[in-house]
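The structure appears below as structure tokens.
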Amino acid sequence: MLTAIHHVQLAMPEGCENAARSFYAGVLGLAEVPKPENLEKRGGCWFELGDVKVHLGVMPDFRSASKAHPAFLVKDLTEMRARCDAASVACIDDEPLEGFARFFVFDPFGNRIELMERLR
Numbered sequence: 006m007l008t009a010i011h012h013v014q015l016a017m018p019e020g021c022e023n024a025a026r027s028f029y030a031g032v033l034g035l036a037e038v039p040k041p042e043n044l045e046k047r048g049g050c051w052f053e054l055g056d057v058k059v060h061l062g063v064m065p066d067f068r069s070a071s072k073a074h075p076a077f078l079v080k081d082l083t084e085m086r087a088r089c090d091a092a093s094v095a096c097i098d099d100e101p102l103e104g105f106a107r108f109f110v111f112d113p114f115g116n117r118i119e120l121m122e123r124l125r
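Heads up: the sequence shown is residues 6 to 125, going by this note's numbering.
Listed below in structure tokens is the structure:
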């Protein structure tokens with residue numbers, strides 16, 4: 006039986022770690038954590054904040070995930086949207102989802118990410 010998601014892995018092109026840091030740490034507010042020594046040579050970078058873990062792995066024949074996506078719950082969606090706007094990250098509204106306010110963004114590599122906040 007499944008009990009939780011340990012991490013989400015997304016792909017990125019080779020040599021784009023700084024762009025990943027700017028978006029995942031700078032805009033989304035995740036902290037970069039060191040990769041295990043035996044995995045460092047593969048490139049990419051890992052980010053965490055509490056139980057949220059995102060691993061960016063290098064894919065030589067990279068193609069973005071423009072439909073499949075992780076959905077992250079946020080505490081203050083208005084503040085997150087302001088952070089995205091300030092970083093010139095386009096926010097895309099979609100059909101309403103009962104019980105949630107939400108929008109989509111794309112990381113610097115074209116991977117789709119959903120940001121959601123529970124409505125009270």
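Glycine included, C-beta positions come from ideal geometry on N, C-alpha and C.
Next on the checklist: Distance check for D99 and V57, CA to CA, integer angstroms please.
Outcome noted: Their backbone Cα atoms lie some 23 Å apart in a straight line.
Item to check | chain B contact for L44 (CB, 8 Å cutoff) | outcome: The structure shown contains no chain B; it is built from a single protein chain.
Item to check | Whole-angstrom distance between S71 and P41, CA atom to CA atom | outcome: Rounded to whole angstroms, P41 to S71 spans 28 Å at the Cα level.
Checklist entry - When we look at the beta-carbon of M85 and count the other beta-carbons within 10 Å, is it buried (16 or more) or exposed? => result Buried is the call here.
Checklist entry - Are the CB atoms of F108 and L124 nearer to each other than 8 Å? => result Against a cut-off of 8 Å, the Cβ pair of L124 and F108 comes out as no contact.
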